[in-house]
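Here is the structure we will look at, set down as structure tokens.
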Amino acid sequence: MLVMLKYKINLVLFMDRDAIGKLKPLNTVSLSVSSRTDTGVNALSNSAHFDLQRRKDKPPFTAEILVEALNFNLGAEQIRITRAHRVPDDFHARFRAQSRTYVYRIALGISHNSKLPLTESDLCWNLRDKKLDVGAMREAAALLVGTQDFSSFRAVSSDIHIISPLKTLDVATVEPGSSFVSAHFHREIPFWELTFTARSFLYKQVRRMTGALVAVGRGQLSVPQLQGILEARDSLSYPRGIVAPARGLFLTRVDYKETDMQLSQQTSEEQFTSNGNSED
Numbered sequence: 001m002l003v004m005l006k007y008k009i010n011l012v013l014f015m016d017r018d019a020i021g022k023l024k025p026l027n028t029v030s031l032s033v034s035s036r037t038d039t040g041v042n043a044l045s046n047s048a049h050f051d052l053q054r055r056k057d058k059p060p061f062t063a064e065i066l067v068e069a070l071n072f073n074l075g076a077e078q079i080r081i082t083r084a085h086r087v088p089d090d091f092h093a094r095f096r097a098q099s100r101t102y103v104y105r106i107a108l109g110i111s112h113n114s115k116l117p118l119t120e121s122d123l124c125w126n127l128r129d130k131k132l133d134v135g136a137m138r139e140a141a142a143l144l145v146g147t148q149d150f151s152s153f154r155a156v157s158s159d160i161h162i163i164s165p166l167k168t169l170d171v172a173t174v175e176p177g178s179s180f181v182s183a184h185f186h187r188e189i190p191f192w193e194l195t196f197t198a199r200s201f202l203y204k205q206v207r208r209m210t211g212a213l214v215a216v217g218r219g220q221l222s223v224p225q226l227q228g229i230l231e232a233r234d235s236l237s238y239p240r241g242i243v244a245p246a247r248g249l250f251l252t253r254v255d256y257k258e259t260d261m262q263l264s265q266q267t268s269e270e271q272f273t274s275n276g277n278s279e280d
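Its first residue numbered 1, the sequence shown is counted upward by one per residue in UniProt numbering.
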């Protein structure tokens, strides 16, 4: 008899399936990740699930052993597993997610990349502007919160006619941030962080919302103009040349209902109960 166990893992960046293959599963492992990100976008936290088939005489991996083994198998890859959980058979890392949080990092007063610490290279949007009208940006961000048609803030993609443009944005904030090495760098750099939380987002929606809010902060767009873009419900109404670059965007959190991740006592017991002498 074989035992199929489903695991959810929290990971930083994306994971090579070879790391799971080295655990010697009897099944072909398929890794399902909670969120896809554009090229150049960063992930400080992500989650995924996979099914691992083992013989009945092999006990389930504990969370601690699974994390340690996967990280060992990843070697020098810039990916780390932070947590692991046994989850029910019907759990899906993508479709069970209740919310996803993205943070966009902006550095001000940067006339050249050499002005940034090396730890910030390709990890923020560095602007020459020394100040942004943060009050106007916050006013504009408030217009984006709620359930609305975000057609104007999505880029054209192959699934544009399949996915509904109606999304519920729960959070859109503009708050001060800091450099990753602010305590050690030789000069102060103003950082701002734009945070967005929703159950799901349209293609490039966060980067387009960020670009529009920064344009408001720079005085390139007024708050009423941003509202007009939103109400147009047309991707062609989005101004050219203001989309925020990928490098400043971070997926920072994926949340689930605790009940969706809990194994029932019956399920747990059944995994240790033989269903006969045959080995399938």
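Here a beta-carbon is modelled for each residue, glycine too, at the ideal position from N, C-alpha and C.
These figures come from a predicted structure and were not determined experimentally.
- Taking a C-beta distance under 8 angstroms as the contact criterion, residue 208 and residue 250 do not qualify as a contact pair.
- About 21 angstroms separates the Cβ atoms of residue 241 and residue 105, ruling out a contact at the 8 angstroms cut-off.
- Remark: C-beta atoms of residue 182 and residue 94 do not approach each other more closely than 8 angstroms.
- Each residue's CA atom was taken as its position, placing residue 23 and residue 80 some 16 angstroms apart.
- Here residue 72 carries a helix assignment [DSSP, helix/strand/coil].
- The C-beta distance from residue 165 to residue 151 rounds to 4 angstroms, short enough to meet the 8 angstroms contact threshold.
- For residue 86, the secondary structure class from DSSP, reduced to helix, strand or coil, is strand.
- Note that the C-beta distance between residue 261 and residue 91 is below 8 angstroms.
- A Cβ-Cβ contact shorter than 8 angstroms links residue 39 with residue 246.
- Distance between residue 120 and residue 197, taken at the CA atoms: about 24 angstroms.
- The DSSP assignment places complete alpha helix (DSSP H) segments of no fewer than 4 residues inside the UniProt domain "Pseudouridine synthase I TruA alpha/beta" (140-256) at 205-218 and 223-232, in order along the chain.
- Rounded to whole angstroms, the Cβ separation of residue 236 and residue 144 is 19 angstroms, and the two are not in contact under 8 angstroms.
- For residue 107, the closest of 176, 86 and 136 by C-alpha to C-alpha distance is 176.
- Contact between residue 212 and residue 221 holds, with the beta-carbon distance rounding to 6 angstroms and staying under 8 angstroms.
- The straight-line gap separating the alpha-carbon atoms of residue 203 and residue 85 is approximately 29 angstroms.
- In this chain, the beta strand (DSSP E) harbouring residue 106 covers 99-107.
- Ranked by Cα distance from residue 18, the options 50, 10 and 36 are led by 50.
- Nearest in C-alpha terms to residue 167, of all of 66, 133, 98 and 139, is 98.
- With respect to the 8 angstroms criterion, residue 43 and residue 125 are not classified as neighbours on the basis of their beta carbons.
- Your pair residue 45 and residue 10 checks out as a contact, with CB atoms roughly 6 angstroms apart and the cut at 8 angstroms.
- In the DSSP assignment, residue 56 forms no beta bridge with any residue.
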